[in-house]
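First up is the structure itself, then whatever we jot down about it.
In my numbering, the protein residues as written are 7 to 169.
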């Protein structure tokens, strides 16, 4: 059952089960705070981020580039649900820090492709693996149908937050 909030109307009251779910969210918040993230971040990446004043928004671009295939700035914007100018600004900061590289698309010289700088690939892969360990351990305990439900719920939540 959809739970949309209409302007001028009081939000609906969540069920007891929904309150239990919503109550879990703040328990995850410390995992996303700067000190925890900073402690897990490889020194090379942390130094580059701090020296160039890069923020978690810049960091959100990096896992998108781990698959190895260069992405256009517009594809990064689409994946992060940000405007093209915002994505361009994020990529520019990462490029100035030497974390990503920009190159013309050989098939379309007006299109810029962004890739992870090779010096940062291994440190970033290790960082993403360390950050993902608690989630992967949790997923290990779920059945395939529970995993599918978790993915569907998390995807729906992300969609709601980003829209």
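C-beta atoms are modelled at their ideal positions from N, C-alpha and C, and glycine is treated no differently. Everything numeric in this text was worked out from a predicted model, so none of it was measured.
Under the three-state DSSP convention, the category residue i falls into
i           : result
residue 67  : coil
residue 107 : strand
residue 148 : coil
residue 134 : helix
residue 157 : helix
residue 97  : helix
residue 80  : helix
residue 34  : helix
residue 51  : helix
residue 122 : strand
residue 19  : coil
Own chain partners of residue i with C-beta closer than 7 Å, once the 5 adjacent residues on each side are dropped
i         : result
residue 7 : Residue confidence for residue 7 is low, a pLDDT of 47 falling below 50, so the modelled location carries little weight; the figure read from the coordinates is stated next. So no residue of the chain qualifies.
C-alpha gap between residue i and residue j, whole angstroms
i           : j           : result
residue 165 : residue 93  : 18 Å
residue 140 : residue 34  : 11 Å
residue 149 : residue 113 : 44 Å
residue 167 : residue 48  : 29 Å
residue 86  : residue 30  : 25 Å
residue 88  : residue 16  : 29 Å
Close beta carbons around residue i, own chain, < 6 Å, minus the five adjacent residues each side
i           : result
residue 68  : 130
residue 115 : none
Residues near residue i in its chain [Cβ-Cβ closer than 8 Å; skip 5 each side]
i          : result
residue 51 : 105, 126, 129, 130 and 133
Distance between beta carbons of residue j and residue i, contact taken as under 8 Å
i           : j          : result
residue 118 : residue 79 : 6 Å
Pairing CB atoms from the segment 97–107 with CB atoms from the segment 55–75, are three or more of them under 8 Å?
yes
Is it a yes or a no for the segment 143–153 touching the segment 81–101, going by three-plus beta-carbon pairs under 8 Å?
no
Can you find at least 3 beta carbon pairs, one from the segment 33–44 and one from the segment 75–82, that sit closer than 8 Å?
no
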